[in-house]
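Going letter by letter, the sequence shown gives residues 89 to 514 in the numbering used here. Virtual Cβ for every residue (Gly too), placed ideally from N, Cα, C. Quantities reported herein were computed from a predicted structural model and do not represent experimental measurements.
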Amino acid sequence: MSIFFGNIDGIDSNSLFIFRISSILLLHYIATYLAPQFAVVSLFLTSLFGAVTVRNTEMFQSLVRVFRRRLVAANEPETSRKDLLLSIYDISQYLQKSRKWNDRKRAKFRRMPTKHQHICNGIGYPEKLALTDTLLARNNVTTQRVYREAMNRYNVTPTELKQASRYATSIGHSEHFRVVESLCHLVRDWSSNDDSEVSPMLDYIRKHSNDLSRENTTVIVPGSGLGRVAHEVALMGFKGVHAVEFSWLMGLFNESMYGEGKIETGTIYPYLHNYSNHFRTKDQMRSVSFSHGFRKPDNLVIHKEDFTKFEVEQETKDVLIVTCFFIDTAEDMLEYFDAITRICDGYEGKKRWINVGPLKYGTAPKVELSNDEVGKVREAMGWRRIDEVGKPVRVGYMTDKEGMWQGYYGVSMWVAERGGAKSRRT
89 MSIFFGNIDG IDSNSLFIFR ISSILLLHYI ATYLAPQFAV VSLFLTSLFG
139 AVTVRNTEMF QSLVRVFRRR LVAANEPETS RKDLLLSIYD ISQYLQKSRK
189 WNDRKRAKFR RMPTKHQHIC NGIGYPEKLA LTDTLLARNN VTTQRVYREA
239 MNRYNVTPTE LKQASRYATS IGHSEHFRVV ESLCHLVRDW SSNDDSEVSP
289 MLDYIRKHSN DLSRENTTVI VPGSGLGRVA HEVALMGFKG VHAVEFSWLM
339 GLFNESMYGE GKIETGTIYP YLHNYSNHFR TKDQMRSVSF SHGFRKPDNL
389 VIHKEDFTKF EVEQETKDVL IVTCFFIDTA EDMLEYFDAI TRICDGYEGK
439 KRWINVGPLK YGTAPKVELS NDEVGKVREA MGWRRIDEVG KPVRVGYMTD
489 KEGMWQGYYG VSMWVAERGG AKSRRT
């Protein structure tokens, strides 16, 4: 029967489909000719075999996939709110998805030989897994706060969220690791304990923006993430600061840092989400405190959109672009350069660009430039270097300083302008 229900090497699917249907019809004709009294039974069996044959063809499966995609598209939330709703849904699922992840750790542990489990039981390994569950629930205090504030801020109804949940399920959407990443970025940007990963960037930005007029300069921060850099730049007193972030998740966590000026303290356990590279068990379980509830600076605007399409009304003569850990995130870095140039050319006065960051390209970059090649491309596009640090500067990036693996980048730091300023190296 495999000739009807299986695959046959060397015969393409369309030819096999025609052969099967022809064979079934021929068998039906022979059966009704030899035993006309069983014509109804023959018709039923022919229909059954025909349906099964059609169902197993690639042609039919392709039609089903098209139909499903169209059905899903017809039930999608409004395009303008889809990403927002999916991000809020992802945040709401943090604890459930985190505990499922931890349960998979338990399941793997239980597949060990009984003897080995007994040894690990003796050193308290199951208790460590249980403590992780407890601390994940404490992390959920923060994610639930972000979730509630986002629901209120964007007037999201329970019906919309259910629709987003159904849509996420239908397309297999899951961005749990992005929620975890946002929590870790929150620690990096807003930790009360340590700002060593942010301060080198801010020091360089302050140094090379001090001469700009506060009243006549607009600052744009693409790839603003959790927003600490944009926040600090806004506190410098510029006319307007625009934080532009593509990720709704990052944007929602950023907005959650602001309130009516009543500062509160939160706690996150950022090292829970990985059991690897811990020198001591207590290192994995340690917490980081952060403050939230700041009054958002009046000159700061947070945008959730694609920077390459970003437009802003020119309210000042001068413009400053600040890119931190950003330019290497593009598939085509020159698209970012084009967008920066386009925006700056709308201003009559000084056009300055400060960059701090690595060149760690993603999985599908169209061009991968070294730092000196970036400089040559920048100059070819009309940007003249006015300052550059002559060697990589070591900066941590969500680094566990107590861990057995610690992530640091050697970042480039440079300043460029569109104009004839003299260049210098520091």
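- Chain-order list of residues whose beta-carbon lies under 8 Å from that of Y449 (same chain, five-residue window excluded): D416, E456
- Start and end of the alpha helix (DSSP H) containing F378? First-last for F378: 376–380, but that is the beta strand (DSSP E), not the alpha helix (DSSP H).
- Query: Would you say L337 and V267 are within 8 Å of each other, going by their C-beta atoms?
  - Reply: yes
- Message: When you compare the region 460–471 with the region 424–443, are there three or more beta-carbon pairs, one atom per stretch, that lie closer than 8 Å?
- Response: yes
- Message: Closest to P446 by C-alpha separation, out of T411, Q205, G434, L422, would be which residue?
- Response: T411
- Take Y424 and list the residues in its own chain whose beta-carbon comes closer than 6 Å to its own, dropping the five residues that flank it on each side. I415, A418
- Item | Residues near K216 in its chain [Cβ-Cβ closer than 7 Å; skip 5 each side] | T369
- Task: Note down the Cα distance separating G434 from D299, rounded to an integer number of angstroms.
- Result: 21 Å
- At least 3 beta-carbon pairs within less than 8 Å: the region 401–408 vs the region 364–379: no
- Whole-angstrom Cβ separation of I179 and T231, contact assumed at under 8 Å? 5 Å
- Task: State the DSSP-derived secondary structure class of D299, mapped to helix, strand or coil.
- Result: coil
- Whole-Å CB distance - G347 paired with F382, under 8 Å assumed: 7 Å
- What are the boundary residues of the alpha helix (DSSP H) that includes P214? 213–241
- Message: By the three-class DSSP mapping on this structure, what secondary structure does P124 have?
- Response: helix
- Message: Do A225 and Y177 count as a contact pair if the criterion is CB distance below 8 Å?
- Response: no
- Can you give the Cα-Cα distance for D488 and Q494, rounded to whole angstroms? 6 Å
- Spell out the partners DSSP gives C515 in its beta bridges. Since the first and last residues shown for the chain are 89 and 514, residue 515 lies out of range.
- Query: How would you label Q184, buried or exposed, when you count the other beta carbons within 10 angstroms and need 16 or more for buried?
  - Reply: exposed
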